[in-house]
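Asker:
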Amino acid sequence: MRFIDRGQQDDDTRIDLTPLVDTVFLLLIFFMLASSFVITPGIKVELPKAAYEKVFREKREIRITITKKNQIYVDRKRVSLKDLEKLFKERAKKAPQTMVIIRADARALHGKVVEVMDLAKSAGLNKLAIATRPKKKRRK
9 MRFIDRGQQD DDTRIDLTPL VDTVFLLLIF FMLASSFVIT PGIKVELPKA AYEKVFREKR
69 EIRITITKKN QIYVDRKRVS LKDLEKLFKE RAKKAPQTMV IIRADARALH GKVVEVMDLA
129 KSAGLNKLAI ATRPKKKRRK
């Protein structure tokens, strides 16, 4: 017969994590509601849809907007292709890692977008991105 020493009982004490989980969820909700959303004001363009969305955020970037009438804007200022080429060359000398983000209207000519991309590449700016908006998911 085995005797158990009462002094060495296995205490089944557990820490209740419920308040901790509640606090974490409250903090998560707070930060989601309190965070600021970046809204890009300016020229209205209809972005093409893409299956996947990736957000690029860099300190050094040039945002190019191409409207449905194939007009080119940099920081809400209309520019010509010559001015854009000059801007690209200046930025490439100062910061060759500058990203060029192209916001082209879905109805803009493809050739105009390619022309802007070629100008950036020829100036030495190799980091290019095309802004899109996510496709709406279909309900089954």
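Per the working numbering: the sequence shown = residues 9 to 148.
Virtual Cβ for every residue (Gly too), placed ideally from N, Cα, C.
Bear in mind the structure is a predicted one, so any value in this text is a computation, not a measurement.
Applying the 10 Å Cβ sphere with the 16-neighbour rule, what's the burial state of GLU66?
Answerer: Only weak support is given to the placement of GLU66: the predicted model assigns it a pLDDT of 40, under 50, and the value that follows is read from those uncertain coordinates. Exposed is the call here.
Asker: Quick test of your reading: ARG68 and MET107, contact by CB under 8 Å. State the CB separation rounded to the nearest angstrom.
Answerer: With a Cβ gap of about 7 Å, ARG68 and MET107 count as contacting.
Asker: Less than 7 Å between the beta carbons of ILE110 and ILE72, yes or no?
Answerer: yes
Asker: I need the straight-line Cα distance from LYS143 to ARG22, nearest angstrom please.
Answerer: Straight-line Cα distance between these residues: approximately 47 Å.
Asker: I need the straight-line Cα distance from PHE96 to ALA137, nearest angstrom please.
Answerer: 15 Å
Asker: Classify LYS90: buried if its beta carbon has 16 or more other beta carbons within 10 angstroms, exposed otherwise.
Answerer: exposed
Asker: When DSSP builds the beta bridges, which residues end up paired with LEU136?
Answerer: VAL108
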